[in-house]
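Here's the structure, in structure tokens; my notes come after.
2 protein chains.
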Amino acid sequence: MPEAMTAPMGDGFEQAARDAVYRAMFTRRDVRSHFLPTPLEDEVLAQLLLAAHHAPSVGFMQPWNFIVIRDAARRAEVRDLFLAAREQELPAVVEERQALYRKLKLEGICESALNICITCDRERSKGSPLGRWHNPEMDLYSTVCAVQNFWLAARAEGVGVGWVSIIEPKALKNLLSIPEHVTPIAYLCVGRVSEFAPKPDLETHGWGRRLPLPDLIMSETFGGQGEAPLKSTASRLNGFVVERACAADQRVAPAVPQREPPNEASALSFNSRNFDDASASLASQAGSGTWPAMVLK
Amino acid sequence: MPEAMTAPMGDGFEQAARDAVYRAMFTRRDVRSHFLPTPLEDEVLAQLLLAAHHAPSVGFMQPWNFIVIRDAARRAEVRDLFLAAREQELPAVVEERQALYRKLKLEGICESALNICITCDRERSKGSPLGRWHNPEMDLYSTVCAVQNFWLAARAEGVGVGWVSIIEPKALKNLLSIPEHVTPIAYLCVGRVSEFAPKPDLETHGWGRRLPLPDLIMSETFGGQGEAPLKSTASRLNGFVVERACAADQRVAPAVPQREPPNEASALSFNSRNFDDASASLASQAGSGTWPAMVLK
Chain S
1 MPEAMTAPMG
11 DGFEQAARDA
21 VYRAMFTRRD
31 VRSHFLPTPL
41 EDEVLAQLLL
51 AAHHAPSVGF
61 MQPWNFIVIR
71 DAARRAEVRD
81 LFLAAREQEL
91 PAVVEERQAL
101 YRKLKLEGIC
111 ESALNICITC
121 DRERSKGSPL
131 GRWHNPEMDL
141 YSTVCAVQNF
151 WLAARAEGVG
161 VGWVSIIEPK
171 ALKNLLSIPE
181 HVTPIAYLCV
191 GRVSEFAPKP
201 DLETHGWGRR
211 LPLPDLIMSE
221 TFGGQGEAPL
231 KSTASRLNGF
241 VVERACAADQ
251 RVAPAVPQRE
261 PPNEASALSF
271 NSRNFDDASA
281 SLASQAGSGT
291 WPAMVLK
Chain X
298 MPEAMTAPMG
308 DGFEQAARDA
318 VYRAMFTRRD
328 VRSHFLPTPL
338 EDEVLAQLLL
348 AAHHAPSVGF
358 MQPWNFIVIR
368 DAARRAEVRD
378 LFLAAREQEL
388 PAVVEERQAL
398 YRKLKLEGIC
408 ESALNICITC
418 DRERSKGSPL
428 GRWHNPEMDL
438 YSTVCAVQNF
448 WLAARAEGVG
458 VGWVSIIEPK
468 ALKNLLSIPE
478 HVTPIAYLCV
488 GRVSEFAPKP
498 DLETHGWGRR
508 LPLPDLIMSE
518 TFGGQGEAPL
528 KSTASRLNGF
538 VVERACAADQ
548 RVAPAVPQRE
558 PPNEASALSF
568 NSRNFDDASA
578 SLASQAGSGT
588 WPAMVLK
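Protein chains in written order, with my numbering: chain S, 1 to 297; chain X, 298 to 594.
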């Protein structure tokens, strides 16, 4: 066998390609507010579906289907399901956050170019349940991997994706004629966008903050101490890696982010002082002075 | 506000960066057989964890933890759990596939550099269950997105990942002291590899084949016909997109794949005729004569 054919094939990508992969992950957003009316080309959509279809699946089961929903009337019905579900969820939120919850823009069902429902056919591997005897939910998890592939490929293509989970699943199944043995995993709003927000909307609006990664690392058992060098490396790398991966996105990189005033649909007031505080906090978590400008791009 | 600061930020990546993202997806493998004894640097592992930590999460809940397991004795115990579970799963497989099932190499627990258990803390967003009232499993799905980010970043870094799902979850929880309210989502074998196989092992060994993407696309409702142009585009793009994205991996690209004889651990005989047949079938599915050489790299 010629030498060239036995060369090791376990190498990583070159730096620029590695950066591109991280950049998709760090700049991906759950898009609700920035959809454009532009149609989405089949050429692009087909590539996103191809990416989804190359997700890992338990027992190579490939349990997914992709329902493309374009009809405006059907989408209006889905949006009604969302609105009803939001009212049902609201009382479960602690009282002091209910006003904020009400103001959050949580879907772009009607204004995105199209919707896609990614489903999981639970019977696709009947008779060959490799890897599912003890963990039957593995087919659902495989389908989620397909969703995440779709989402990352979309970011690379400049296509926004928003996952709507505030919806009653039985009502959705009924509306989309999804049979009993099939589970809808993700209802996605998909389309071109005016921008990818510099941070997750829920972080911007004060619903939550990114947790410090070192706090999430455990050693040997749950809660196990140890891995001090790894934690310290994770802290140190945080700003640097995000910075490098996102460098290509820095066509517009103000040190302090400038944004248009929020539109009515996402009507939370944008408090730049809080924004700065959050950035400073992140910078201190990351142990890197370069973090704020970077994560905000 | 200066012009530069209001420039549109909704663009996609340049071609090379888009290709890198697809390449990670198309060449990612569920690795069982090719782990090397090489240790994995904290610098690299920290980046993979950073990628995982930037996954989307419902309500920005970030429910994940990462248990790093290095201890050889503990890993041997996990492997014993796998071996027991495999014996339990076997009778569920249809009889004519049991011999094949027995021969499949399905984990690299002890021979990989380290193991990571990614868990989901189901109580992390107590009091603020945004997006989980109707779909409480969304936190589990968020954690799966973190797994997929980890996996893709690992591919880019030249690190193999294998997800072991043939394991009794209660026994695993017990072994890793995982509390009741935390769900182990993925038990991963992680480390440097000698190669990333040209195709999924289960495809190579005849357990399954990649389904034709157009068959998985539906229109408006489950089973809905339509989307003919999209399906046709998906067919046409298949070989082409995979080819372009994987071009950088073609340092060694025989038209018909050459592989070392399988080692004892992955002892299925490699039948190159079947392999060719599978390639031909894929090529006809893809409607592209260039597919076989490409998908096999």
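From the three backbone atoms N, C-alpha and C, an ideal C-beta is built for every residue, glycine too.
Computed from a prediction, not measured in an experiment: that's the story for all the values here.
{"Check": "Under 9 Å by beta carbon: chain X residues contacting A16/S", "Outcome": "A313, A314, A317"}
{"Check": "Span of the alpha helix (DSSP H) around P229/S", "Outcome": "228–246"}
{"Check": "Collapsed DSSP secondary structure at S439/X in the structure displayed", "Outcome": "helix"}
{"Check": "Enclosing alpha helix (DSSP H) for P426/X [first to last residue]", "Outcome": "Careful: P426/X lies outside any alpha helix (DSSP H) and carries neither H nor E."}
{"Check": "DSSP three-state assignment for D71/S, whether helix, strand or coil", "Outcome": "coil"}
{"Check": "Length of the line joining the Cα atoms of W207/S and K423/X", "Outcome": "13 Å"}
{"Check": "Test: D377/X CB closer than 8 Å to a CB of chain S", "Outcome": "no"}
{"Check": "Host alpha helix (DSSP H) of A51/S (start-end)", "Outcome": "42–53"}
{"Check": "Local conformation of E264/S per DSSP, three classes", "Outcome": "The pLDDT assigned to E264/S is 33, lower than 50, so where the model puts this residue is not dependable; a value taken from the coordinates is nonetheless given after this. Three-state DSSP puts E264/S in a helix."}
{"Check": "Touch test, the segment 69–78 of chain S against the segment 41–55 of chain S, Cβ-Cβ under 8 Å, three pairs minimum", "Outcome": "no"}
{"Check": "Exposed unless 16 or more other CB atoms sit within 10 angstroms - verdict on A313/X", "Outcome": "exposed"}
{"Check": "Strand pairing of A450/X, partner residues [DSSP]", "Outcome": "A450/X pairs with nothing; no bridge assigned."}
{"Check": "Range covered by the beta strand (DSSP E) that runs through D121/S", "Outcome": "114–121"}
{"Check": "For C197/S, the residue or residues it bridges with in DSSP", "Outcome": "Note on residue identity: the sequence assigns Ala, not Cys, to residue 197/S. Paired residue(s): none; A197/S is not in a bridge."}
{"Check": "Chain-ordered chain X contacts of Q225/S [CB-CB under 8 Å]", "Outcome": "Going along chain X, no residue has its Cβ under 8 Å from Q225/S, so there is no contact; the nearest lies around 12 Å."}
{"Check": "Where T335/X sits in the DSSP three-state scheme", "Outcome": "coil"}
{"Check": "For W133/S: DSSP bridge partner residues", "Outcome": "Beta-bridge pairing links W133/S to no other residue."}
{"Check": "Residue closest to L168/S, alpha-carbon to alpha-carbon, out of P433/X, H331/X, R452/X", "Outcome": "According to the sequence shown, residue 168/S is Glu rather than Leu. Measuring from the Cα of E168/S, the nearest candidate turns out to be P433/X."}
{"Check": "Rounded Cβ spacing between E517/X and R507/X (contact assumed at less than 8 Å)", "Outcome": "In fact, because the Cβ distance is near 26 Å, the residues do not count as touching under 8 Å."}
{"Check": "Interface flag, T416/X vs chain S, CB-CB below 8 Å", "Outcome": "yes"}
{"Check": "Within chain S, partners of C442/X - CB distance below 7 Å", "Outcome": "V144, Q148"}
{"Check": "Sheet register partners of P184/S (DSSP bridge)", "Outcome": "T119/S"}
{"Check": "Neighbouring residues, chain S, relative to T501/X (Cβ below 7 Å)", "Outcome": "Those do not exist, as T501/X stays about 10 Å from chain S at its closest Cβ, beyond 7 Å."}
{"Check": "Bridge partner(s) assigned by DSSP for W163/S", "Outcome": "L188/S"}
{"Check": "Buried versus exposed, by CB contacts within 10 Å (16 or more), R320/X", "Outcome": "buried"}
{"Check": "Whole-angstrom distance between A99/S and V190/S, CA atom to CA atom", "Outcome": "28 Å"}
{"Check": "Validate contact between the segment 19–34 of chain S and the segment 471–487 of chain X using beta carbons, cut 8 Å, 3 pairs", "Outcome": "no"}
{"Check": "Helix, strand or coil at F60/S according to DSSP, with G and I counted as helix", "Outcome": "helix"}
{"Check": "Close Cβ partners of E524/X (< 7 Å) along its chain, the five nearest in sequence each way excluded", "Outcome": "I514, S516"}
{"Check": "Beta-carbon neighbours of D368/X, restricted to chain S and to distances below 7 Å", "Outcome": "E220"}
{"Check": "Interface flag, Q395/X vs chain S, CB-CB below 8 Å", "Outcome": "no"}
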